[in-house]
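Protein chains in written order, with my numbering: chain A, 5 to 70; chain B, 5 to 70; chain C, 5 to 70; chain D, 2 to 413; chain E, 2 to 413; chain F, 2 to 413. Every residue, glycine too, gets a C-beta built ideally from N, C-alpha and C. Note that the structure is predicted; figures quoted are calculated from it, not measured.
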Ligand code: NA
Ligand code: NA
Ligand code: NA
């Protein structure tokens, strides 16, 4: 059983490393492809929520009137 | 089986139409009864929520002070 | 069965009362211990929420500007 | 089969045909039960009778009594069974039965749904007022008297009234209505006498809704105006530590003395600990909201499914309704009377009205105590004082439930 | 076993090995199905095709087709079985099977999940526009014509096209795609022909997403520009009482005439009553949100698990896709044509475009009617008018489902 | 039976009587386990040890060890069994057993609950920092070394220490504690060695809570102050498209290479896709909140129920606690050492502290790396850099779990 546990250790670490190295490679390649061919459009700042808008309006009114 | 599918079509559409026509009749009658005997009371406009109220208060203060 | 129901009544009320009396005693003792040895620290008032804070800011601006 | 034959077959599957041709209570009885389901909906929606439970129960009653629809049919597992040695395997390929039947079989007979509700109740309950004035535990004990009187009454009815058939299991299930606590009543009835579950749950929730009508006359009859005007001392602040210790103490006492009550008390106190400990707010919030609402929907439908004509349309149901009312009334009276006695003995004044809140029916009974008190003295706020016995009543009826679950099988 | 042997064994458990060596569709077929699952994800995420359903369905399809993983395996109960008299006891010690298989076995074959979704749909639906103009019920009836034409077409295909194998149960399940209502389609297919569930659900949700593409050409072909410009009278206010009575009236009619539709109609109307009655907002909110989302996740995964290569990669699936499109188109056309007819007869003007909304696909079809109307007249707002037939179509297809569930087993 | 006899019988059903008279560990052992449950509550509530899990686990432990209450009893289906041909039908009339036993039998043995939790974890995880610096995947791989060392250690203990009895299944289940990931540990243990589930889950969550105490000494011992001061380059912005592709790529790789890990990886990546795709926010929100909380409550109680005296009060538990600590320590060291090595090789500087975050224990381990880094250089913010290995560690331990599930049964 000790031999078997060594087998598991070797196989296990080999698989974990291989798998994650594969992910490193895959994602590096795919990130390159994405960044080159599907670059993200500039996004506008999201519109402020209605509650914030109303507060802003209140402030604006306060300013303009004063 | 083709005959059976014709049977289903005829029976099916007949039932669907009868059922929904029945609902038309029932709801027309019941709506009449409800509108006549249980008319809805005039509801006041719901009180503005507390957050809105505070914003309104801020605006009001801004106005009155200016 | 009537005899049995009387038994249940007597045993039942006895257990309910004993149990809750035990709780009175236990909690009175433990409350004493807690209040004596683990008194609660004074807590500060919780900070007002961000939305309220912004409203307050709006009001404050309105005031200060006017 | 031709068009006409198909219409004839379809006609034979209509509810009208079922109501008219199915034998006995299985035919017209279903129509009556559907009507009763409608009455429950009316009471829930128009009269505000415990709508969160009675709307699902009413719909469950209606759906379960539809002829040929089988919505309350028992769950059947269909698949391949095999046995090797003493281990069996049942591979499920298909689950048949009605969807409300599924809720009943899996959620009620197992006790799961009432316990999950009770967990949510625990997460919503503040035991602070009780801890500030632990003597009020006794009022929560006194009010359980109604349970045992109703049990006794049920045995008497079963023995002397022809057409009423209550054994000790039934009597215990009926008595627990007096606990004024829905999940406890459903849990006990599902364990002792599931056939009566529908009537018992309906009686329990109806009388809980009727607390503002049932209790005040009894409270006024047993107290003088002076007693009703008694002002109580302000409740002390209860620390967070006490509130955290409390559920563990109750659970501990229950473990040592009454294991049969620990599913109920354990669920209640788990919920309460999750609320009070301050580090599991996510769980406490879910117990009170998403989980509680989901289980309420399923539990209500399942309880409604036990309102079948053959089990509901008989003298037993009438007996249950009468005994449930008796139980509530006696519980109220016992709470008030013990409060009067305690007031005589105690050096701190106790308004006897808060004794009536000991039946539980949280928070309705406490509000009623407050309201009757304010009729006598508009400046007297009893609400927080009444919350003590009120939540004590929840524990009290869970303890009473434990006693019934432990000794009814011994004696019955 | 040495390191090398272990690597070899591990290699024999890889997906690559499975795709290459498992026999026939069980090997490469799985890879194709995983690809199709990916296509569904693409359509859902990039094209916005009903993502709430198609994302879980796509993932369900992918996970269920992984070799050796057994994620869609049937549930197996493992434990001790015993029988005493005619009562059997099965003590569960272990539950085996895949987690998606568990959702399918317990939630779909039982009908539970689609009914819970339908309950949530009821809690989200406002029948007000329909009650304000009850005539539009008829448009919700006409649009069901597509169901029965597709059923007829399925029987024809089954008889005359080699490689397509549809019996009457299959034909009924396929027809219901024309109901344009996901839970109804899943419920009917799971009862009549579970083998086709995957393809039917995918077709139903895909065509619902494609409503803005499928419907407008048909709507324009069948109407003149003048007809599309017709302005309708403003809808009257509908009282709360009417909205509370409505679900009970529909349920009552269904009980009397069509019990086989009462699980669907009952769930829908329970949800709607919970929404409208005003005293169970907690429950209505949970039906629409927490419960609906939980069930959507599980239902989507389970439906996806029925997209196995042997059941999906055949001509039947192609037939289902074609017939589903036919059903949607015929339903749309029938709704528009009946609306034209009603417009001729009625004294109140009816814009025939709203007839197309009778297929249901709530609220997409109503929006399409509004949009096509605005193309003809930018100041014409048909949305609320189209919501009437739109929600009537939900009831209409549930009724059609009830008919199919009642008579297909008689004739098939 | 008279009053006195009844009191005697009731006495024989008390917990006190049970603790004193039940044989061996089944008697006083229960009391000890209830005390241990209380210790877990204390650690969770007062010390903040993973309270969302340890509060339910503690309560589950307490409730499941109550004598005579049977709260953790296996589910039993009671009803009518029949067989026709090779199809069997089991009609359920009653479900017996304890409510926590029900959670265990249906939710843990099936693997369902840990998978649903993992789905929620996926919906809460941002893999952005990992995608911005994919090399940190390797750190998430190195930290899994602890798993296999602990497995080896468990085999050694099992062979050489009398009183400790670990086979390869037990060793695999114990090793996975080093994954520092609760649902993964519970999933693996429930598949390989359910008897040890209680101790393993308690060890896993306790050490996750102890990460701020266990890791810093190891991190400091293996690094120089200069190394701890290393500043890393700012992470680049990761696009939405990359975040959507990522879960599908991981799932795809897992399908091709390691199907045994696909239930875990599939659930995790489904949750992550639901979060990132932007069109299923309803589902993602439910996975993270309502569903996750409900499952956490039930899973915690069920895990606690495996802390029975006969399975917990022995040297095995001590061995598990020791090995779990070893696993965490080795994992931490391996992560740091690989980071040091990478720093030597890579042209971009890598602070070796972030290697320690590779054990997962999200987000605690990343915070610890940040804190230790700031002790060396108060202006060095490592948190986002450490999140990369941290979330890579979740994937890494799921992969390690897949390997164990695939090869332990071959070798054991
Ligand atoms: Na009570
Ligand atoms: Na429809
Ligand atoms: Na890990």
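Contact check between the segment 169-189 of chain D and the segment 336-356 of chain D: fewer than three CB pairs, one atom from each, fall below 8 Å, which does not count as touching. Counting every other CB atom within 10 Å of its CB across the protein chains shown gives residue 92 of chain D a total of 16 or more, marking it as buried. Exclusion of the five residues before and after residue 28 of chain E leaves 19, 20, 21, 22 and 68 as the residues of its chain whose Cβ lies within less than 8 Å of its Cβ. Here residue 114 of chain F carries a helix assignment [DSSP, helix/strand/coil]. Residue 259 of chain D carries a coil assignment under DSSP once its states are collapsed to helix, strand and coil. Interface annotation for the segment 45-77 of chain F against chain D: 45, 46, 49, 52, 53, 56, 57, 60, 63, 64, 67, 68, 69, 70, 72 and 76, criterion Cβ-Cβ distance under 8 Å.
In the same chain as residue 164 of chain F, and ignoring 5 residues on each side of it, the C-beta atoms closer than 6 Å to its own belong to 316, in chain order. Counting along the chain, no alpha helix (DSSP H) covers residue 90 of chain E; the unbroken beta strand (DSSP E) around it starts and ends at 88-97. Counting along the chain, the unbroken beta strand (DSSP E) around residue 85 of chain E starts and ends at 77-85. A straight line joining the alpha-carbon of residue 289 of chain F with that of residue 121 of chain F spans about 5 Å. A straight-line Cα-Cα distance of about 13 Å links residue 241 of chain F and residue 249 of chain F. In the three-state reduction of the DSSP assignment, residue 205 of chain E falls in the helix class. At a Cβ-Cβ threshold of 7 Å, residue 26 of chain F and residue 314 of chain F count as neighbours. Close partners of residue 187 of chain F in chain E (Cβ separation under 7 Å) are lacking, with about 14 Å as the shortest Cβ gap.
Our two residues, residue 32 of chain B and residue 243 of chain E, have alpha carbons roughly 10 Å apart in a direct line. A Cβ-Cβ distance of about 6 Å is found for the pair residue 265 of chain F and residue 119 of chain F, placing them in contact under the 8 Å criterion. The C-beta separation of residue 64 of chain F from residue 72 of chain F comes to about 5 Å, placing the pair in contact by the 8 Å criterion.
Counted as a single uninterrupted DSSP element, the alpha helix (DSSP H) harbouring residue 368 of chain D occupies residues 365-377.
A distance below 8 Å between beta-carbons, with the five flanking residues on each side excluded, links residue 263 of chain E to the following residues of its chain, in chain order: 252, 255, 256 and 403.
Spanning the alpha carbons of residue 6 of chain C and residue 47 of chain D requires a straight line of approximately 41 Å.
Looking at D:59, D:386, D:143 and D:326, the one whose alpha-carbon comes closest to that of residue 14 of chain C is D:143.
Sorting D:279, D:291, D:283 and D:284 by C-alpha distance to the C-alpha of residue 282 of chain E places D:291 at the top. For residue 14 of chain C, the chain F residues whose C-beta falls within less than 8 Å of its own C-beta are 4, listed in chain order. Listed along the chain, the chain A residues whose CB falls inside 7 Å of the CB of residue 7 of chain E are 11 and 15. At a beta-carbon threshold of 8 Å, none of the residues of chain A lie near residue 332 of chain F; the nearest stands roughly 12 Å away.
In the displayed model, residue 318 of chain F falls within a helix according to three-state DSSP.
Close to residue 291 of chain D, with beta-carbon spacing below 7 Å, are these residues of chain E in chain order: 287 and 291.
Judged by beta-carbon spacing, residue 62 of chain F lies within the 7 Å limit of residue 308 of chain F, meaning their Cβ atoms are closer than that value. The shortest CA-to-CA distance from residue 376 of chain F to any of F:246, F:227, F:37 and F:405 is the one to F:227. Beyond the five residues adjoining it in sequence on each side, residue 386 of chain E comes within less than 6 Å, by CB distance, of 233 and 355 in the same chain, given in chain order. Exposure of residue 225 of chain D is indicated by the presence of fewer than 16 other C-beta atoms within 10 angstroms of its C-beta. Under the 7 Å criterion on CB atoms, residue 119 of chain D is classed as non-interfacial with respect to chain E. DSSP places residue 391 of chain E in the helix class (H, G or I) of the three-state scheme. Put simply, of F:207, F:222 and F:81 the residue whose alpha carbon is nearest the alpha carbon of residue 321 of chain F is F:207. A Cβ of chain B is located within less than 7 Å of the beta carbon of residue 246 of chain E. Ranked by Cα distance from residue 57 of chain F, the first of F:112, F:70, F:159 and F:42 is F:42.
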